[in-house]
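Heads up: the protein sequence lines correspond to chains A, B and C, in order.
When the letters of the first sequence are read in order and numbered with our numbering, they come out as residues 1 to 303.
When the letters of the second sequence are read in order and numbered with our numbering, they come out as residues 1001 to 1318.
When the letters of the third sequence are read in order and numbered with our numbering, they come out as residues 2001 to 2326.
Since the structure comes first, as structure tokens, the remarks are kept for the end.
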Amino acid sequence: MDIDIANKDDFELLEEELLPPVNEVKRFIRVFFRRKIVVVGFILVIIFLFIAAFAGLISPYDPYEQDLYNVLSDPGGAHLLGTDALGRDLFSRLIYGTRTALAVGASTALVAAAIGTVIGLIAGFAEGPAQTIIMRLTDAMMAIPSLILQIIIASILKAGVPGVVFAVAISLVPGFIRLTNGQVLSLKQNDYVLAARSMGSSRIRIAIFHILPNCLSPLIVQITMMMGIAILAEASLSFLGMGILPPTAAWGSMAYDGYRYLTTQPLLSIAPGLAIMFLVFSFSMIGDGLRDALDPKLRGTTS
Amino acid sequence: MINYIIQRVVHAVIIIVLVSLAVFLLIRMLPGDPIEIIVSQNTLASYGPEYYDQLAHEYGLDRPVMIQFVDWFGNIIRGEFGNSILHNFNIGEQIKDRLTVTLLLGLTAFVISFIVGPLLGIISAIRRGTWIDNLVTVVANIGITAPTFWIGILLIYFVGLKAGLLPLYGYTLPWTDLGLSIRQSIMPIIVIALSPIASSARQMRSSVLEVLNEDYVRTAWAKGLKEKAVIYKHVMKNSLMPVITLQGTMLRQIIGGQVVVETVFVIPGLGKMMVDAFLSNDYPVVQAVTLVMTIVVVISSLVVDFLYGWIDPRIQYE
Amino acid sequence: MGRLLTVTGLSTEFRTERGVVKAVDNVSYHVDESEIIGLVGESGCGKSVSQLSIMRLIPDPPGRVVAGTAVFDGVDLLQFKRDSSEICEIRGNKMSMVFQEPMTSLNPAMTIGRQMAEVMLVHMNIDKNEARERAENMLMQVGIPDPGKRLDDYPHQLSGGMRQRVMVGMSMLCDPKMIIADEATTALDATIQAQLLELMYEMVNKYHTALIMVTHNLGIVARYAHRINVMYAGRIIESGTVKAIWANPMHPYTEGLLSCVPKLGEKLLSIKGMPPSLINRPPTCAFLSRCRYRNSGCFSEPARELTHVEGQHSTACNRRLEAAGL
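Right, dumping it as structure tokens:
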């Protein structure tokens, strides 16, 4: 090392340069699982996935089977957590609700990521007025509270799973546009992109082969985070009666239906809420862990 | 400075016009024919298509969409929101009453979260790794990941029903009955403020930890300042800056939260009005409420922007 | 001249994920009143850490001073806790520090005037107006034009050189007995660097202040310092007057550093190789892998401590110490 090059903080240098490099995969696993709370989140998500996959085997009853002789029964007895106003088994409905939540969360985040990434890439490469217009529209969209935006779009598309997925996805798109656009703008200045450009690579080629792979890490982090946000948003919409409607087993609408019987059957509305919190919490923790492990720039910003 | 303000205001007006146009157009896409909502299909059928056209004309629904928009926007600037299709009440007056309720709750929640959030963040950063840091982290995580309605339901069940400490729902204006108003507001405000408190506490914590490593904090120590002085004079203001930029997001969170909270606690605010209007396809009400909410958001973001410029001297007013 | 600072056996460690880094390992040196000392070495050799250690400015965790004493003006600084009131009374008052990064070492949200006044209000019994007056006077002394106006500026309105002048001025405000300049000019352009060095030299001469110049550039030190300590891998490996070291560098590392000082018309040399890891340091000489004079003995013998050879000249090179019969 040349003596005159680095004047960095002594300690920083010790950490970064004087110590031997470590295996990337090992480093990823070590950093990802470093915080206990991330491990908890990870285990929870595995459990939720398991529940969703084997819902049919685990649930004691058919979640849609009404038993009108046995409505609003107390927890314990034949029904572990009791039954709702139509005599459906709460425990079974909670289990099937996991499927709905995971499906809605994953598809929403992916739809939003797909739309947002494409628009963000276009904006980043378009430059000039096109970029300005796209980014200004994004700003305007972000100025509206997302729940209100979701309500409007969900009302237009009518309630139901596809409508909710699309409504929530749209409200998450601006975040992805900003993320990708920002990445493109900073990556465009990098030497290897300039080199590719000078060698005559087309913009689309550069976008797909040079920029996109480098956006991947922050995108994965963002998608994980947004899955939790999407589940939360779907639950709120369903609670307001503008999301997934009964009889589909969805935690938000279950909580709304159960809310009427709060005085006598509090579990009907409290249990679905608890499930939502655990699921959203696990995604948020995994997102945190991924961010620490994948995104060197953000590493250490929240701990 | 003045140029900066003018520029920001112009920007805000553009956003308001854009958003209201978007809302107006989007609402045209809502399912259900407004005229069919006013009069049942049977009546329409018996009176024939002329009656339909007459109604459409009466409500201005037969003109080109852009004309309708300009017309509507002009009316709104003059403060005329028209009447509800469904219940025939004056939308403007209704909004005025409900906006008061929403603003009272929202502003209180905002102020509380702006004070409590950063305070929790700074305490947990300085006492990093202690029980208080862990407690703040847990509360912050709950605030971010728990659904708003669920927190509301929990409070109503345990504080209201089981302990009987506070009224379960409803809202009274403070000038009608101050005591009752306060008691009715406590739970809704906690629920509304929880998520912004959680976000700003988290942001504050990480930005304090970051600022503590800044060179100028080392300089402050090297000057011989005591810990309290270092924190108050050098760490606090600088770590508040990213938290203040976050306040725009906080405001939107609060307004979104209010929609849910007003439904849970049956509070006659704008949020409840909006949900009801959407559920019943009441076009004029939906348009008006959405627009007013947007204006509230944009104006509050503007205030936050100015606040930020005032605190951070590096922001250039150009 | 009386003894101002005596450091004995100072050791500072950082606990990292990969192990304990011994950043400073058993370092001893002294500073006399109004003396200028150069502390020279590569980045990462522990020179800054040793200075932050005696100022009690090492962040804990991850760092910790594990051994040693630093008697300054009759008081052992290392006995105090990092934020104790005893050390706060000394910091910025009897002993102050100028840091490397002028761009980030001043609080961006506070005016220059308030930042300067602050240090006086803490340590001196004066009011705000007098503090402001003194700050203005100091800005004039460090060569800032229109100082009255500059007091109300924020750091971002000043250039890097100006900011470092402010830092130098700020360090002098309470008339300290010693200033530590930690790479104070490294981040600046060559011409501004020269101006600032000249300014610091003038100031410490005028007020009879001792100065420790921490730098990786032996050329800078040679011009101003009385004595030089050379650090490598957490230890002082050579110590002596500027003249003695310049004429007769005893440690091969010092020799390497000297060849790095740019001279007109000559090819700029650099020392090949990297300093060793400070986590599991070998018992042998730390410079071994880069040394061009090493012999078989160097591989088998443990590293020597800094040992006095002649006059004020000491070294830790076992080859030289053997040759001198020590």
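Don't be surprised by glycine CBs; every beta carbon is placed ideally from N, CA and C.
Proximal residues to residue i (C-beta, below 8 Å), its chain only, five neighbours per side dropped
{"i": "Thr-98 of chain A", "result": "Phe-48, Ile-51, Ala-52, Ala-55, Ala-275 and Leu-279"}
{"i": "Val-1136 of chain B", "result": "Leu-1120, Gly-1121, Ile-1123, Ser-1124, Ala-1201 and Arg-1205"}
{"i": "Tyr-69 of chain A", "result": "Gly-87"}
{"i": "Arg-2223 of chain C", "result": "Leu-2197"}
Chain-order list of residues whose beta-carbon lies under 7 Å from that of residue i (same chain, five-residue window excluded)
{"i": "Gln-150 of chain A", "result": "Ala-167, Val-168, Ser-171, Ala-233 and Leu-237"}
{"i": "Val-1019 of chain B", "result": "Thr-1294"}
{"i": "Arg-2132 of chain C", "result": "Gly-2113, Ala-2117 and Leu-2151"}
{"i": "Leu-1099 of chain B", "result": "Leu-1270 and Val-1292"}
{"i": "Leu-157 of chain A", "result": "Gly-163, Phe-166 and Ala-167"}
{"i": "Tyr-96 of chain A", "result": "Ala-55, Ser-59, Pro-63 and Ala-249"}
{"i": "Pro-247 of chain A", "result": "Tyr-64"}
Bridge partners - residue i, DSSP secondary structure assignment
{"i": "Thr-248 of chain A", "result": "Paired residues: none, contrary to the question."}
{"i": "Arg-2091 of chain C", "result": "C:Met-2095"}
{"i": "Arg-2015 of chain C", "result": "C:Val-2020"}
{"i": "Leu-2005 of chain C", "result": "C:Val-2031 and C:Phe-2072"}
{"i": "Met-2231 of chain C", "result": "C:Ile-2236"}
{"i": "Leu-2039 of chain C", "result": "C:Val-2214 and C:Asn-2229"}
{"i": "Thr-1176 of chain B", "result": "Partner(s): none; Thr-1176 of chain B has no beta bridge."}
{"i": "Thr-2241 of chain C", "result": "C:Arg-2227"}
{"i": "Gly-76 of chain A", "result": "A:His-79"}
Buried versus exposed, by CB contacts within 10 Å (16 or more), residue i
{"i": "Asp-292 of chain A", "result": "buried"}
{"i": "Ile-1053 of chain B", "result": "Note on residue identity: the sequence assigns Asp, not Ile, to residue 1053 of chain B. Exposed, since its Cβ has fewer than 16 Cβ neighbours within 10 Å."}
{"i": "Tyr-1317 of chain B", "result": "Only weak support exists for where Tyr-1317 of chain B lies, its pLDDT of 43 falling under 50; the coordinates are left without a value."}
{"i": "Pro-2282 of chain C", "result": "exposed"}
{"i": "Gln-2079 of chain C", "result": "exposed"}
{"i": "Gly-2256 of chain C", "result": "buried"}
{"i": "Thr-264 of chain A", "result": "exposed"}
{"i": "Trp-1175 of chain B", "result": "exposed"}
{"i": "Ala-2303 of chain C", "result": "buried"}
{"i": "Asn-1213 of chain B", "result": "exposed"}
{"i": "His-2313 of chain C", "result": "buried"}
{"i": "Lys-1223 of chain B", "result": "buried"}
{"i": "Leu-1134 of chain B", "result": "Reading off the sequence shown, one finds Asn at residue 1134 of chain B, where the question assumed Leu. That one is exposed."}
{"i": "Phe-91 of chain A", "result": "buried"}
{"i": "Trp-1221 of chain B", "result": "buried"}
{"i": "Gly-1152 of chain B", "result": "buried"}
{"i": "Ser-107 of chain A", "result": "buried"}
Cutoff 6 Å; reference residue i; Cβ partners in own chain excluding five residues on either side
{"i": "Asp-2072 of chain C", "result": "Strictly speaking, residue 2072 of chain C in this sequence is Phe, with Asp absent from that position. Contacts found: Leu-2005."}
{"i": "Arg-2064 of chain C", "result": "Glu-2013"}
Range of the contiguous alpha helix (DSSP H) that encloses residue i
{"i": "Ile-270 of chain A", "result": "267-294"}
{"i": "Lys-188 of chain A", "result": "161-188"}
{"i": "Thr-1320 of chain B", "result": "Any answer about residue 1320 of chain B is impossible in this case: the structure gives chain B only from 1001 up to 1318."}
{"i": "Met-1029 of chain B", "result": "First-last for Met-1029 of chain B: undefined, no H or E at that position."}
{"i": "His-1057 of chain B", "result": "1049-1058"}
{"i": "Asp-1215 of chain B", "result": "1215-1222"}
{"i": "Ile-133 of chain A", "result": "128-143"}
{"i": "His-2123 of chain C", "result": "2112-2123"}
{"i": "Pro-2252 of chain C", "result": "2252-2260"}
{"i": "Pro-63 of chain A", "result": "Where Pro-63 of chain A is concerned, there is no enclosing alpha helix (DSSP H), given that its DSSP letter is neither H nor E."}
Contact belief for residue i with residue j at Cβ below 8 Å, rounded distance in angstroms
{"i": "Pro-2155 of chain C", "j": "Ile-2112 of chain C", "result": "7 Å"}
{"i": "Val-2261 of chain C", "j": "Gly-2234 of chain C", "result": "Their Cβ separation, rounded to whole angstroms, is 23 Å, which puts Val-2261 of chain C and Gly-2234 of chain C out of contact at 8 Å."}
{"i": "Val-2020 of chain C", "j": "Ser-2050 of chain C", "result": "Not quite, the Cβ-Cβ distance comes to about 17 Å (not below 8 Å), so this is no contact."}
{"i": "Ile-1085 of chain B", "j": "Pro-1284 of chain B", "result": "6 Å"}
{"i": "Ile-2192 of chain C", "j": "Thr-2315 of chain C", "result": "Incorrect: roughly 35 Å between the Cβ atoms, too far for contact."}
{"i": "Ile-2245 of chain C", "j": "Val-2204 of chain C", "result": "Wrong, their Cβ atoms sit about 21 Å apart, outside the cutoff."}
{"i": "Leu-2139 of chain C", "j": "Gly-2161 of chain C", "result": "That pair is no contact at about 14 Å."}
{"i": "Gly-241 of chain A", "j": "Ala-255 of chain A", "result": "So it is not a contact: roughly 12 Å between Cβ atoms."}
Segment limits, beta strand (DSSP E) that includes residue i
{"i": "Thr-2069 of chain C", "result": "2063-2072"}
{"i": "His-2208 of chain C", "result": "Premise fails: His-2208 of chain C is in no beta strand (DSSP E) and is neither H nor E."}
{"i": "Asp-1276 of chain B", "result": "That residue, Asp-1276 of chain B, is in no beta strand (DSSP E); its alpha helix (DSSP H) goes 1270-1279."}
{"i": "His-2313 of chain C", "result": "2313-2315"}
{"i": "Ala-2181 of chain C", "result": "2178-2182"}
{"i": "His-2308 of chain C", "result": "2307-2310"}
Residue i Cβ short of 7 Å to the ligand GDP heavy atom set
{"i": "Leu-2211 of chain C", "result": "Within the structure as shown, the ligand GDP is missing, as the structure has no ligands at all."}
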